[in-house]
Amino acid sequence: MRAADCLTLERAADAVGGRVLGDGDVVFRRFAPVHDAGPEALALLADRRYAGDLEDCGGCALLVSEELCDLEAGPPDRLVVPDPYAALLVLVPLLHPEPSVVPGVHPAATIHDSASIPVSAAIAPHAVIAAGVVLGENVSIGANCVIERGTSIGADTVLFPNVTVYADSVVGKRVVVHAGTRIGVDGFGYVTEAGNHRKLPQVGGCVIEDDVEIGANCTIDRGSIGRTVIGAGSKLDNLVHIGHNVQIGPRSILVAQVGVAGSTRTGEGVAMGGQAGLVGHLRIGAGARIGAQAGVIGDVAPGETVSGYPARDHRSYLKAMALLMRLPEVMQRVDRLERRAVERDAR
Amino acid sequence: MRAADCLTLERAADAVGGRVLGDGDVVFRRFAPVHDAGPEALALLADRRYAGDLEDCGGCALLVSEELCDLEAGPPDRLVVPDPYAALLVLVPLLHPEPSVVPGVHPAATIHDSASIPVSAAIAPHAVIAAGVVLGENVSIGANCVIERGTSIGADTVLFPNVTVYADSVVGKRVVVHAGTRIGVDGFGYVTEAGNHRKLPQVGGCVIEDDVEIGANCTIDRGSIGRTVIGAGSKLDNLVHIGHNVQIGPRSILVAQVGVAGSTRTGEGVAMGGQAGLVGHLRIGAGARIGAQAGVIGDVAPGETVSGYPARDHRSYLKAMALLMRLPEVMQRVDRLERRAVERDAR
Amino acid sequence: MRAADCLTLERAADAVGGRVLGDGDVVFRRFAPVHDAGPEALALLADRRYAGDLEDCGGCALLVSEELCDLEAGPPDRLVVPDPYAALLVLVPLLHPEPSVVPGVHPAATIHDSASIPVSAAIAPHAVIAAGVVLGENVSIGANCVIERGTSIGADTVLFPNVTVYADSVVGKRVVVHAGTRIGVDGFGYVTEAGNHRKLPQVGGCVIEDDVEIGANCTIDRGSIGRTVIGAGSKLDNLVHIGHNVQIGPRSILVAQVGVAGSTRTGEGVAMGGQAGLVGHLRIGAGARIGAQAGVIGDVAPGETVSGYPARDHRSYLKAMALLMRLPEVMQRVDRLERRAVERDAR
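Chains as they are written, first to last, in our numbering: chain A, 1 to 347; chain B, 348 to 694; chain C, 695 to 1041.
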């Protein structure tokens, strides 16, 4: 199915294997959340907590899960699917095709003679490609990016504007790097002598494996010696910091503003909530879940869920924090018990 | 009053409606805090905690509040006002006029033919303005900025250097965006199937309303579907992260390194302290105050002040944390009560 | 000793004053951590917690401390030194010479006529040097950097790509600034009148003293009035935020994602762990240590170590947090004591 200006509920249902409630000929041109839907929008309702927004929903139809499809308020014409987000994976590209990238090197880019640039690559204005850089097929380098000497970037990878990749980094295939991210930065390593900090040369590698996506304004350090590695298929949100020699396992999720200090290694499929921090030299087991803002100062076992500072088992932590709020009461009760004991002894 | 090289205390007092203690003919050429004031500086004392710096104050005169104007130490010649900061709003521009921006497109900028650039706009070197971009009157685009296709930017807006605005974003009038900030970035949305994370296309809008100021190296995601909105008159400090579909109410204050996760909506005039984090899908009421480093995982009522992780009423939290430090003592008292009870039972 | 392609253990031992165990003729070409060492690597073992990696170490030889040199597993040929990191300070440059910077202004850079650029300076493509900028000898300005009017940069300073230095900043000698960092940004200061935030003009200075290194994507605000100062020899990791009028003492260490709010002053040799936050207007004594993620809301005495939010003495905090996890037990014990007291009274 080719991209189009509009869709009917019926065609959309065919595309995702859903069913229509009401009029299948209703036409929509865009998608929107329930509270922000104009008259040409298919409104998304995937979560019961937004059911209250249905009253004022301006959308022409509703994309809704089986579970919520019977709610009375809101547009009566509905596309019902098991998982609305999975349906969006199919539907959004039908109305919003990926903008096509025009191959070629913009004349305002600066490319070193020794760089290897296939004709299928697209290099935007004012990008700088240094000596010995090797780009794969269909690579797209955004405006004002700087790719330093000796770096290689795999096929079909996209760098948004204003990205810096330091020398000798290795970026895989189908990687997406958002604006302003820095890859292969010198790690933070000093030897302190009499209060003066002498820099340890940071000469290790930085490897971004295939199918990684990195958000905007992230910083990924190179190894001091050895390598920093972001495992295949992992996704990093904005403003994430990865220290030198860190190894992030494949298919992990790091939410915005996470920081991982040097030499920590994490297993496959680890999830880290926003603003979580991990000190250096830890081992985090596969499938572990680190809560938002958690401060992890010890190893985490595979599959474990931790939160708080210092991070511990998530449920115990929340329970303890709830009891913490009852401390004033506990203090009073202990006071009373002591007074009672004194009175009894006096009798 | 035109900008000048120097001012007398008397003229400054006229400009702000203050009164002079001592010699009104004293001349100053700059402003400085008390501890860092040279002989040509009007030293600012607005807060009693800096009174101790008065002893060594090198300034030629003092700008001071009524409340603190009688302190003995420091320069005897003084400009006394009700609110020194409000006075600075008037006085600083008299000595430090805004640098004038010279309109015109620098020849080293790259402008697409289809972009609309008024003659009053200033485009610095190596800026890139893509197809279909529309700029308002007097817009200033800093060096090495990248404005992607279809974005519109309202009159009198200033982008400092190295900013990226993704495609189809909408930036209002009189907005200020500091260096390295990214607007309209793809949100962080994936559907996970068998451990693999498939990206949900991020095709929503990103709207920065009028009179917003955004600090350096911030990241503002576009909506997945629907829009991300930064409300009119809101001010964001550096390194702030705003997730997709977030709506920040007008006239809010977000201090440095705050993170707001996807789909959270905040009311008018909310204040968030530095490094505070809000998880997704929350509602934060108008006028709420989120403490520095707070971790907010539930809705916050209008006007409420919260802190801690998980965030709660600020006073209760601080009280509980204070009691927490007395836990060792509580444990001892409980031990003692138990021993006493055992002894009594033994008698 | 000139840089070389490879070294023998013997020559390396001569260079650092270490001793060889086993065969001094073993040749290595690179350095690596024990777990990531190929056959041509001298593997580094400096910390007992990595001893377990020795079993699978693929390196041809081991660089090891006296304390760990007798471990049986791993390469038998060893270079034994008192401090392996100090040895790396000497050894790494022998195999990895600093890339030489070629002096000269790239034709695709944009330099204002009034800027002062010595012939020894290196200006990369698409850098922008504004009016009145003064660069010292051997300064290296990376691609797509923007140095605004009136800024001075001392000799031997290196700016990596995509850095912005705002107007009238002062950067010292031998400073290193990593990609995407912003120096001299407007501070975050507003006067709020009837809910509207009016910006206080930010006209102070921003001073980076000699021998400072600043990581990637940091933000250093200029003073509002007065100056922001990063003291000589201090080292800042990535994504650090420094507010206006802050003074960081010399030879301090600020780990990634630290935030220091306006007007706080810190003494010499302070260390701040990752993601730590300091509110404004504090005094932090020389040699103080701020734990990772600590939230500091009060002054810290010289030499003190604090952690937690609100930050307190580190040991007390950790002890209290450990007891916190025993609160459920305390509650049960208090319940039991109360029941016992009631029963006794009933008797």
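All C-beta atoms, glycine included, are put in the ideal place defined by N, C-alpha and C.
All of these numbers come straight from a predicted model, not from anything done at the bench.
Taking CB distances under 8 Å as the criterion, tell me whether A/S316 reaches chain C. yes
Say whether chain B places a C-beta atom closer than 8 Å to the C-beta of A/V170. no
Taking a Cβ distance cut-off of 7 Å, strictly less, list which residues of the segment 320-338 of chain A are near chain D, in chain order. Protein chains in the displayed structure are A, B and C, and chain D is not among them.
Chain C beta carbons: is any one of them nearer than 8 Å to that of A/I225? yes
Take the Cβ of A/M1 as the centre, count every other Cβ of all protein chains shown within 10 Å, and call the residue buried at 16 or more, exposed below. In this prediction, A/M1 has a pLDDT of 48, which is less than 50 and means its spatial position is unreliable; what the coordinates show is noted afterwards. Answer is exposed; the Cβ neighbour count stays below 16.
Any idea what DSSP makes of A/V270, helix, strand or coil? coil
So, does the CB of B/A603 fall closer than 8 Å to a CB anywhere in chain C? yes
Distance check for C/V795 and C/V813, CA to CA, integer angstroms please. 13 Å
By the DSSP assignment, the alpha helix (DSSP H) with B/K666 in it spans what residues? H661 to L671
Relative to the C-alpha of C/R959, which residue among C/L1031, C/V923 and C/V1000 is closest? C/V923
Residues that B/H628 contacts on chain A, provided the C-beta gap is smaller than 9 Å: D47, R49 and Y50
From C/V833 to C/G848, what distance separates their C-alpha atoms? 7 Å
How about C/A873 and A/V270: are their beta carbons less than 8 Å apart? no
On the criterion of 16 or more Cβ atoms from any shown chain inside 10 Å, does C/E761 qualify as buried, or is it exposed? exposed
Whether or not the segment 108-122 of chain A and the segment 45-60 of chain A are in contact is what I'm after, with contact meaning three or more pairs of Cβ atoms, one per stretch, closer than 8 Å; do they touch? no
In the DSSP assignment, the alpha helix (DSSP H) including A/R340 goes from what residue to what residue? L327 to A346
Starting from C/E887 and walking both ways along the beta strand (DSSP E), at which residues does that stretch end? Y884 to E887
With DSSP as the reference, label C/A726 as helix, strand or coil. strand
Between the segment 245-254 of chain A and the segment 536-548 of chain B, do three or more beta carbon pairs fall short of 8 Å? yes
Grab me the residues of A/G58's own chain with a C-beta within less than 7 Å of its C-beta, minus the 5 sequence neighbours each way, in chain order. A37, G38 and P39
Using beta carbons (cut-off 8 Å, strictly below), is C/G909 in contact with chain A? yes
Option nearest A/S76 by Cα separation, candidates A/L42, A/V90 and A/P201: This sequence places Pro at residue 76 of chain A; Ser is not what is there. Checking every option, the nearest Cα to that of A/P76 belongs to A/L42.
Mind checking B/Q679: buried by the 16 CB within 10 Å criterion, or exposed? exposed
Per DSSP, what kind of secondary structure is A/L95 in: helix, strand or coil? helix
The alpha helix (DSSP H) enclosing B/A360, as first and last residue numbers: L356 to V363
Kindly identify the DSSP beta-bridge partner or partners of C/R743. Paired residues: none, contrary to the question.
Cα separation between C/L1018 and A/Y309? 12 Å
If we cut at 8 Å on Cβ distances, does C/D850 have a partner in chain A? no
Interface positions of the segment 926-945 of chain C facing chain A (Cβ-Cβ less than 7 Å), listed along the chain: G927, K929, D931, N932, L933 and R945
Are B/S463 and B/L442 closer than 8 Å when you measure CB to CB? no
In angstroms with no decimal places, state the Cα-to-Cα distance between C/R772 and A/K173. 39 Å
CB contact below 8 Å: C/R892 versus chain B: yes
Buried or exposed, going by whether 16 or more other CB atoms sit within 10 Å of the CB of A/E213? buried
Can you say whether B/R691 is buried or exposed, counting buried as having 16 or more other CB atoms within 10 angstroms of its CB? exposed
Using a beta-carbon distance below 8 Å, is C/D880 in contact with chain B? yes
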